[in-house]
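Going down the list, the protein sequences come from chains A and B.
Mapping of the first sequence onto my numbering: position 169 corresponds to residue 169, and the numbering continues sequentially without gaps.
Mapping of the second sequence onto my numbering: position 245 corresponds to residue 536, and the numbering continues sequentially without gaps.
What follows is one structure encoded as structure tokens, with my remarks underneath.
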Amino acid sequence: MEWIQQLINGISLGSIYALIALGYTMVYGIIKLINFAHGDVFMIGAFVGFYAIAGWGLGFFPALLLAMAVCAVFGVLIERIAYKRLRNATRIAALITAIGVSLLIEYGFIYVRGAQAAAYPDVLANKKYDLFGIQVSSQSLLILVVSIVLMIILHFVVHRTKIGKAMRAVSHDMEAAQLMGINVNTTISATFAIGSALAGAAGVFFGVYYTKIEPLMGVIPGVKAFVAAVLGGIGIIPGAMVGGLVLGVVETIVSALGFSQWRDAAAFIILILILLFRPSGIFGKNAREKV
Amino acid sequence: MKKVKGFWIYVVLSVVIYGVVQLLINGGILNPFYANTLIFIGINIILAVSLHLVIGITGQFSIGHAGFLAVGAYISAIITMKFQLPFPLALLAGGIVAALAGLLVGIPSLRLKGDYLAIATLGFGEIIRIVFLNIDYVGGASGMQVTHLTTWTYTFICLFITITVITNFTNSRHGRACISVRENEIAADAMGINTTYYKVVAFALGSFFAGIAGGLFAHNFYIIQPGNFGFLKSFDILIFVVLGGLGSLSGSVIAAILLTVVSTFLQDYPETRMIIYSVVLVLVMLYRPQGLMGTREVTDLFGKWKGPKGGNSYGK
């Protein structure tokens, strides 16, 4: 019974990773950039939620929506200011810029606010439900449900709307999409907006679930979410969801086995194994390299 | 003939720099703070040059260099502190073990390219850190006490050896092979160059010198902790190479000196330092992606002798 409980905890953690991983995978799919600053957008989302709840007394859902909106704008700003001119630069230059932007956000935020941690207010009543002897907290259930709803909305946007169609076209072939009259800049901005909004939601969930937030909180979940994206096959949206869930469950199992110190290493070991044996990820197709 | 003459100029210049600084330290003109800053600059130059070999010359984007620094630091500290063996031996052992770690990491991960390699090396760097965090023999998270053994003489000798070896490596047949891997891996492969071999060699050599720097680093601070060798440390080294110019040895030396001096003065304001670093990094990438020096060397300006020529373009 305890194992099922751990599994549920793992799935809650995994759904947070999955939400962050979606942003990574969408951005990578469209401009082939590992957006290192994504973890910091997640952090900004957590803090917006924190100030909305603790400062303005908003409820959970208004705070969640506010955090998502602020993060969407923030993500678009990052893209417009830093990444847009690097579209034709080498991949390494883009990667270094992304690292720079990430550090700038982290330390800029510390400079403005200070590095001390904050305790997330109790916004959701945490009830324990007893299902056939399994203790399930209402928080993890809610996180899971809202994450699934967000992912369904995302699926709908990507597959049923015009902007989603444009995103898929641009990620397939940017130049051809441009020739077909798709506004590439708008599409890329929309991708950043959606990905960042999901990261913002993940930030609020993280705060509610772990109750402690700090300016450098985005680094480790950010890298792990990237691992999740690679695990599922980078650029593939269902892959990011599955990768996030798998990673969350694996981490929880590693902790439950008594190796909680090695939890962070588990994610990186998974990453290296997947890169070595199946670099295209679980859902990826093997692409042959052309000269 | 010309090359040999250039080499002797370089040797004489190094001896003069060493002698002057040593005299200043002995004479008490340089106070311990400045002497320590000089040692720190030396260590950072070794790190920058060792990463320059991997990123600048061979074009393999590694962002886990602090992991090898950690290996060197811990191994050398174990040798001096637990086995009471002499310091030079510890430095050498730290370098060798770091090179072995480099081989271990490099052989599987160098099959990857670009972003994937970067992420894999980041992962390996973190794994190395977590391993040290979990070994009680080296003190775990609270760290390990190390006596202060690093002096200007040791630092300078190591620095001299590092620069000499890497310059000569770059100018040799093997170095040219590495540059060809950077410029176009497929073409290099087609020309009969064993690209995997050269990538791994460059990686291991870079790790070796990072390990040496780790030994100096450990014995310069009185304590080493796994937290010192996180991603931010790798980033510190990366920025030397990127700012100096990918493919320019003297560029990374200049950047290392410049940034170490800046960060020493900003020691009390760590946030400001990181903000400056990140802004510099972003601005350099946006407006001068080739870095300060590009692939040129300081020696090109004098035209006296050929410096460690790192090719004319960086993957363009």
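The beta-carbon is built from N, C-alpha and C at its ideal position, and this holds for glycine as well.
Valine 136 of chain A lies in the beta strand (DSSP E); which residues open and close that run?
-> 134–137
Cβ of tryptophan 262 of chain A less than 8 angstroms from any chain B Cβ?
-> yes
Return yes when the Cβ of glycine 39 of chain A is within less than 8 angstroms of the Cβ of serine 102 of chain A, no when it is not.
-> yes
Would you verify that the beta carbon of valine 533 of chain B is, or is not, closer than 8 angstroms to some beta carbon of chain A?
-> yes
Sub-8 angstroms separation of leucine 19 of chain A and alanine 202 of chain A beta-carbons = yes
Note the first and the last residue of the continuous alpha helix (DSSP H) segment covering histidine 343 of chain B.
-> No alpha helix (DSSP H) contains histidine 343 of chain B, which DSSP labels as neither H nor E.
Got a sec, what are the start and stop residues for the alpha helix (DSSP H) glutamate 79 of chain A sits in?
-> Looking at the DSSP string, glutamate 79 of chain A is not in any alpha helix (DSSP H), and its letter there is neither H nor E.
Please go through the same chain and pick out, in chain order, the residues whose beta-carbon is closer than 6 angstroms to the beta-carbon of glycine 416 of chain B, but skip the five residues on each side of it.
-> Gly355, Ala357, Gly358, Ser525
Alanine 509 of chain B beta carbon less than 8 angstroms from that of alanine 364 of chain B | In this structure, alanine 509 of chain B lies closer than 8 angstroms to alanine 364 of chain B by Cβ.
Would a check of beta-carbon distances place isoleucine 406 of chain B closer than 8 angstroms to chain A?
-> In the sequence as presented, isoleucine is not what sits at residue 406 of chain B; that position holds aspartate. Answer yes: the Cβ-Cβ gap between aspartate 406 of chain B and chain A drops below 8 angstroms somewhere.
Looking at C-beta atoms only, is the number of pairs between the stretch 26–33 of chain A and the stretch 188–205 of chain A that lie closer than 8 angstroms three or more?
-> yes
Which word fits leucine 574 of chain B, buried or exposed, when buried means at least 16 other C-beta atoms lie within 10 angstroms of its C-beta?
-> exposed
From the DSSP output, which residues share a beta bridge with tyrosine 129 of chain A?
-> A/Val136
Residues of chain B with a CB under 9 angstroms from the CB of tyrosine 292 of chain A: which are they?
-> Residue 292 of chain A falls outside the range modelled here, since chain A spans only 1 to 291, and no answer is possible.
Mind checking threonine 186 of chain A: buried by the 16 CB within 10 Å criterion, or exposed?
-> The residue in question, threonine 186 of chain A, is exposed, as its Cβ has fewer than 16 Cβ neighbours within 10 Å.
What's the call for methionine 435 of chain B, buried or exposed, on a 16-neighbour Cβ count within 10 Å?
-> Methionine 435 of chain B should be labelled buried.
For lysine 224 of chain A, which option in A/Phe205, A/Ala267, A/Tyr210 has the closest C-alpha, if you only look at C-alpha atoms?
-> Relative to the Cα of lysine 224 of chain A, the nearest Cα in the group A/Phe205, A/Ala267, A/Tyr210 belongs to A/Ala267.
Relative to chain B, which residues along the stretch 111–136 of chain A have a C-beta separation below 7 angstroms, given in chain order?
-> Tyr111
For lysine 212 of chain A, which beta-bridge partners are listed by DSSP?
-> A/Ala119
Chain-ordered residues of the stretch 87–101 of chain A with a beta carbon less than 7 angstroms from chain C | The structure shown contains no chain C; its protein chains are A and B.
Buried versus exposed, by CB contacts within 10 Å (16 or more), methionine 151 of chain A = buried
What is the rounded straight-line gap between the Cα of asparagine 519 of chain B and the Cα of threonine 563 of chain B?
-> If I take the Cα positions, the gap works out to 19 angstroms.
Any Cβ of chain B within less than 8 angstroms of the Cβ of phenylalanine 226 of chain A?
-> yes
Through-space distance from serine 433 of chain B to isoleucine 308 of chain B, alpha-carbon basis | 38 angstroms
On a CA-only basis, which of B/Ser554, B/Gln351, B/Met372, B/Leu583 is nearest threonine 486 of chain B? Give me that one, please.
-> The option with the nearest alpha carbon to threonine 486 of chain B is B/Gln351.
With 16 as the cutoff for other CB atoms within 10 Å, does alanine 368 of chain B come out buried or exposed?
-> buried
For glycine 542 of chain B, I'd like the list of residues in its chain whose CB is within less than 7 angstroms of its CB, leaving aside the five on either flank, ordered along the chain.
-> Gly535, Gly536, Gly582, Leu583, Met584
So does the stretch 491–509 of chain B actually touch the stretch 383–396 of chain B, counting three or more Cβ pairs closer than 8 angstroms?
-> yes
DSSP-derived helix/strand/coil call for isoleucine 454 of chain B = helix
Using a cut-off of 7 angstroms between C-beta atoms, extract the partners of alanine 82 of chain A located in chain B.
-> Val573
Taking 8 angstroms as the CB-CB limit, is proline 279 of chain A close to chain B?
-> With respect to chain B, the C-beta atom of proline 279 of chain A has a partner C-beta closer than 8 angstroms.
Counting only beta-carbon atoms, is alanine 411 of chain B nearer than 8 angstroms to chain A?
-> yes
Which of helix, strand or coil DSSP assigns to glutamine 436 of chain B = strand
Are there 16 or more other CB atoms within 10 angstroms of the CB of threonine 438 of chain B, so buried, or fewer, so exposed?
-> exposed
C-alpha distance - leucine 450 of chain B paired with glycine 506 of chain B, whole-angstrom precision = 13 angstroms
Beta-carbon proximity of glycine 164 of chain A to isoleucine 236 of chain A, cut-off 8 angstroms = No.
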